[in-house]
Amino acid sequence: MTKELGIQKVYDLPVSMTTKEAWKKRLQEIRDNDGSFAYRAAYVRMGETKKRVHQVSSFLTHENEQELIWFFTQDITDVIKKRDELRELNQLLDGILNNIPVYLFVKDPADEFKYLYWNKAFAEHSGIPASKAIGHTDYEIFQSEEAEKFRKDDLELLRTHQRIDIQETYLTASGEARIVQTLKALVPMEDREPLLIGISWDTTNLQNIEQELIKARIKAEQSDRLKSAFLANMSHEIRTPLNAIVGFSQLLPTADTPEEQKLYSDIINQNSDILLQLINDILDLSKIEAGTLEYVKRPINLGEVCRTIYAVHKERIKGGVDFIFDNGEEDLQMEGDPNRIMQIITNFITNATKFTHAGEIRFGFEREGENVRVYVKDTGIGIEKEKVGHIFERFVKLNSFVQGTGLGLSICRMIIEKIGGEIGVTSEFGKGSTFYFIIPCTEVD
1 MTKELGIQKV YDLPVSMTTK EAWKKRLQEI RDNDGSFAYR AAYVRMGETK
51 KRVHQVSSFL THENEQELIW FFTQDITDVI KKRDELRELN QLLDGILNNI
101 PVYLFVKDPA DEFKYLYWNK AFAEHSGIPA SKAIGHTDYE IFQSEEAEKF
151 RKDDLELLRT HQRIDIQETY LTASGEARIV QTLKALVPME DREPLLIGIS
201 WDTTNLQNIE QELIKARIKA EQSDRLKSAF LANMSHEIRT PLNAIVGFSQ
251 LLPTADTPEE QKLYSDIINQ NSDILLQLIN DILDLSKIEA GTLEYVKRPI
301 NLGEVCRTIY AVHKERIKGG VDFIFDNGEE DLQMEGDPNR IMQIITNFIT
351 NATKFTHAGE IRFGFEREGE NVRVYVKDTG IGIEKEKVGH IFERFVKLNS
401 FVQGTGLGLS ICRMIIEKIG GEIGVTSEFG KGSTFYFIIP CTEVD
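All the letters of the sequence shown, read from the start, carry residue numbers 1 to 445 under full-length UniProt numbering.
Below you can see the structure in the form of structure tokens.
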């Protein structure tokens, strides 16, 4: 190299400062710094295309009234390259750790378990930025109860050196309770104590899905049991009125007197009504199960609907029981499905007639704010307290000797719930019951 250089000016050398002005500036910097100056310089060697980086130390001396500058250089190209590669690797690793959908943290057991790392996902999930976590302990970040639990787990891990896999529930910064699965382990390090690394992932949604699956399984099992009960119940309920219809239809031609003919006809008609109601209940139930049961709103006069119901039932009520419609000629123009409203009120009245042998059955409606409450009140036998809460369930019958499917009230409940209403009953055993439903009342002109 010396031979190649020969006698040349310093700014003709293949170094970074290739102009006379640049060298003069550097010389002044050396003088201003008391004759000592260090810097980095990059240049390309002769015959090479790769840029080299040198750490240069320069010293200014005086000899025979001349200024001499000594330059000592160290090729740090590989060092710089490795440093840049390490920085890129750290950036890549940090990018990966900050974008994986798990919560990652690192603690230093040798320094009071202070946090050394806290990834972005953990910061977003907890609402605590990394700047407020790194360099701090659990006691400085979390509530004391949570911090105590975390420290207990950390000490157990440090004692046993056995990985910990636990499920934890804690509150986020927004106050929402979340369930996380946490894995903690010790990572051996060279020339120092091991570090504690923790990985957590949110299992709240998974837990919710699991609970929903359990509920769905229970519901499916209940549905299977209900279907079995339904088939067993229907085989009896259908056979009873059908046998009566067939039997008395065969006896009708042989009746000796008009009174006997009327008796047989009444029995046939009564059982035909029972069978028709049974079929309607089955059809409604199948529609509800399939999600196709309709509630078609249109302008109606609730008073007129109730008066129609009153006209139909007043002749059917047994003697000794007064049947009263409280609203008389009152009208209420609103939106609703007259068929479904009539179906529910009729079901209430039919049940009341089965269990009321004296006194009265009365029904009507009344406004309650933006809703209307429709009720049927009787002075019948009432409902035992322990049975009131189950009265709207499928196949529930107060008296097993009274004909009926036990579906009517259950269907009424599902219809009312479908339209966002409320259905209920109040009862005192031995004194009577009041069945009611409340639905939105949108008045129309």
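Built from N, CA and C at the ideal position, the CB exists for glycine as well.
**Asked** Would the beta-carbon of E422 fall within 8 Å of that of I411?
**Response** Here residue 422 refers to the residue found at position 422 of the sequence shown. Here residue 411 refers to the residue found at position 411 of the sequence shown. No, Cβ-Cβ distance for E422 and I411 is not below 8 Å.
**Asked** How big is the Cα-Cα spacing for S433 and R316?
**Response** If you number the sequence shown from 1, residue 433 lands on position 433. If you number the sequence shown from 1, residue 316 lands on position 316. So the alpha carbons of these two residues sit roughly 20 Å apart.
**Message:** For M189, count the other beta carbons within 10 Å of its own beta carbon; 16 or more makes it buried, fewer makes it exposed. Which is it?
**Reply:** As a working note, residue 189 is residue 189 in the sequence shown. Exposed, since its Cβ has fewer than 16 Cβ neighbours within 10 Å.
**Message:** Could you compute how far the alpha carbon of I61 sits from the alpha carbon of R31?
**Reply:** Taking the sequence shown and counting its residues from 1, the one referred to as residue 61 is at position 61. Taking the sequence shown and counting its residues from 1, the one referred to as residue 31 is at position 31. The sequence given here has Thr at residue 61, not Ile. Distance between the alpha carbons of T61 and R31 is about 10 Å.
**Asked** With a Cβ-Cβ cutoff of 8 Å, do N371 and C441 count as a contact?
**Response** Along the sequence shown, read from residue 1 onward, the residue named residue 371 stands at position 371. Along the sequence shown, read from residue 1 onward, the residue named residue 441 stands at position 441. Yes, they are a contact pair.
**Prompt:** Considering only residues of the same chain and omitting the five flanking positions on each side of V296, which have a CB-CB separation below 7 Å?
**Reply:** What you label residue 296 is simply residue 296 of the sequence shown in a count that begins at 1. D337.
**Request:** Using a threshold of 8 Å, state whether the C-beta atoms of F363 and V376 are closer than that.
**Result:** Here residue 363 is taken as the residue at index 363 of the sequence shown, counted from 1. Here residue 376 is taken as the residue at index 376 of the sequence shown, counted from 1. Yes, these two residues count as a Cβ contact at 8 Å.
**Request:** Assuming V305 and M342 form a contact by the criterion Cβ under 8 Å, report the distance between their Cβ atoms to the nearest whole angstrom.
**Result:** Against the sequence shown, residue 305 aligns to sequence position 305. Against the sequence shown, residue 342 aligns to sequence position 342. Indeed, because the Cβ distance is near 6 Å, the residues count as touching under 8 Å.
**Prompt:** So, helix, strand or coil for Y295, using DSSP?
**Reply:** Position 295 of the sequence shown, counted from the first residue, corresponds to residue 295. The answer is coil: DSSP assigns Y295 none of H, G, I, E or B.
**Message:** Classify A133: buried if its beta carbon has 16 or more other beta carbons within 10 angstroms, exposed otherwise.
**Reply:** Looking up residue 133 in the sequence shown gives position 133. With 16 or more neighbouring CB atoms inside 10 Å of its own CB, A133 falls in the buried class.
**C-alpha distance - N33 paired with F59, whole-angstrom precision** = Indexing the sequence shown from 1 puts residue 33 at position 33. Indexing the sequence shown from 1 puts residue 59 at position 59. C-alpha separation (whole angstroms): 10 Å.
**Prompt:** Comparing the C-beta of V79 with each C-beta of chain D, is any distance below 8 Å?
**Reply:** Of the chains in the structure shown, none is chain D; there is only one protein chain.
**Message:** Please state the DSSP three-state secondary structure of V102.
**Reply:** Residue mapping note: residue 102 aligns to position 102 of the sequence shown, counting from 1. Residue state, collapsed to three classes: coil.
**Prompt:** Any contact of the stretch 110-118 with the stretch 68-81, i.e. 3+ C-beta pairs under 8 Å?
**Reply:** Cβ pair count under 8 Å is below three, so no.
**Request:** Kindly provide the ranges of any beta strand (DSSP E) runs that are 3 or more residues long and lie completely inside the stretch 399-438, ordered along the chain.
**Result:** Whole beta strand (DSSP E) segments, 3+ residues: 422-428.
**Request:** Using the DSSP secondary-structure output, state which residues sit across from F355 in a beta bridge.
**Result:** Locating residue 355 in the sequence shown gives position 355, where the first residue counts as 1. In the DSSP assignment, F355 forms no beta bridge with any residue.
**Request:** Starting from the N-terminal side, write out each stretch of the beta strand (DSSP E) that is 3 residues or longer and does not extend beyond the UniProt domain "PAS" (85-161).
**Result:** Taken in chain order, the complete beta strand (DSSP E) segments of 3 residues or longer contained in the UniProt domain "PAS" (85-161) are 103-108 and 114-118.
**Request:** Kindly indicate the opening and closing residues of the beta strand (DSSP E) around D337.
**Result:** For the purposes of this step, residue 337 is taken as the residue at position 337 of the sequence shown. For D337, no beta strand (DSSP E) segment is defined, and its DSSP state is neither H nor E.
**Prompt:** If you check the beta carbons only, do L183 and R151 fall under 8 Å apart?
**Reply:** The sequence position of residue 183 within the sequence shown is 183, counting from 1. The sequence position of residue 151 within the sequence shown is 151, counting from 1. In this structure, R151 does not lie closer than 8 Å to L183 by Cβ.
**Item:** Contacting residues, own chain, Cβ-Cβ under 6 Å from I416 (five flanking each side not counted)
**Value:** Here the question's residue 416 lines up with position 416 in the sequence shown. Same-chain partners within the cutoff: I423 and F437.
**Asked** Using DSSP with H/G/I as helix, E/B as strand and the rest coil, what is residue 469?
**Response** Residue 469 is absent from the model: the chain starts at 1 and stops at 445.
**Request:** Taking N371 as part of the beta strand (DSSP E), name the residues at either end of that continuous run.
**Result:** As a working note, residue 371 is residue 371 in the sequence shown. Looking at the DSSP string, the run of the beta strand (DSSP E) that includes N371 is N371 to D378.
**Asked** Counting pairs of beta carbons, one from the stretch 121-130 and one from the stretch 101-108, are three or more of them closer than 8 Å?
**Response** The stretch 121-130 is in contact with the stretch 101-108.
**Request:** Check K24 in the structure and name its three-state DSSP category.
**Result:** Taking the sequence shown and counting its residues from 1, the one referred to as residue 24 is at position 24. Helix at K24.
**Asked** Comparing alpha-carbon positions, which option in G291, N301, T308 and D191 lies nearest F325?
**Response** Here residue 325 corresponds to residue number 325 of the sequence shown, with the count starting at 1. Ranking G291, N301, T308 and D191 by Cα distance to F325 puts T308 first.
**Asked** Out of curiosity, what's the CA-to-CA distance linking G135 and A41?
**Response** Your numbering for residue 135 matches position 135 in the sequence shown. Your numbering for residue 41 matches position 41 in the sequence shown. Rounded to whole angstroms, G135 to A41 spans 37 Å at the Cα level.
**Prompt:** How close, in whole Å, do the beta carbons of residue 518 and V444 come, if the pair is a contact with beta carbons under 8 Å?
**Reply:** Lying outside 1 to 445, the shown extent of the chain, residue 518 is not represented and no answer is given.
**Asked** Given a threshold of 16 other Cβ atoms within 10 Å of its Cβ, counted over all protein chains shown, does H125 qualify as buried or as exposed?
**Response** For the purposes of this step, residue 125 is taken as residue 125 along the sequence shown, with counting starting at 1. Buried.
**Request:** Return the first residue and the last residue of the alpha helix (DSSP H) that K287 is part of.
**Result:** Translated into the one-based positions of the sequence shown, residue 287 becomes position 287. Its alpha helix (DSSP H) spans residues P258 to A290.
**Prompt:** What is the DSSP secondary structure of I300, reduced to helix, strand or coil?
**Reply:** Within the sequence shown, residue 300 is the residue found at index 300, counting from 1. Strand, per DSSP.
**Item:** Under 8 Å between C-beta atoms of I218 and M414
**Value:** Counting from 1 along the sequence shown, the entry for residue 218 is found at position 218. Counting from 1 along the sequence shown, the entry for residue 414 is found at position 414. Going by C-beta atoms, I218 is not nearer than 8 Å to M414.
**Message:** I need the straight-line Cα distance from G319 to T426, nearest angstrom please.
**Reply:** In the sequence shown, counting from the first residue as 1, residue 319 sits at position 319. In the sequence shown, counting from the first residue as 1, residue 426 sits at position 426. Those two C-alpha atoms are separated by around 25 Å.
**Simplified DSSP state of S36, which is helix, strand or coil** = Numbered from 1 along the sequence shown, position 36 holds the residue referred to as residue 36. DSSP places S36 in strand when its eight states are reduced to three.
**Item:** CB of G359 within 8 Å of CB of E428, strictly
**Value:** Locating residue 359 in the sequence shown gives position 359, where the first residue counts as 1. Locating residue 428 in the sequence shown gives position 428, where the first residue counts as 1. No, these two residues do not count as a Cβ contact at 8 Å.
**Request:** State buried or exposed for G430, treating a residue as buried only when at least 16 other CB atoms are found within 10 Å of its CB.
**Result:** As a working mapping, residue 430 is identified with position 430 in the sequence shown. The residue is exposed, with fewer than 16 neighbouring Cβ atoms inside 10 Å.
**Message:** Which same chain residues end up closer than 6 Å to D284 when comparing Cβ atoms and leaving out the 5 residues on each side of it in sequence?
**Reply:** As a working note, residue 284 is residue 284 in the sequence shown. Excluding sequence neighbours, D284 sits near I411.
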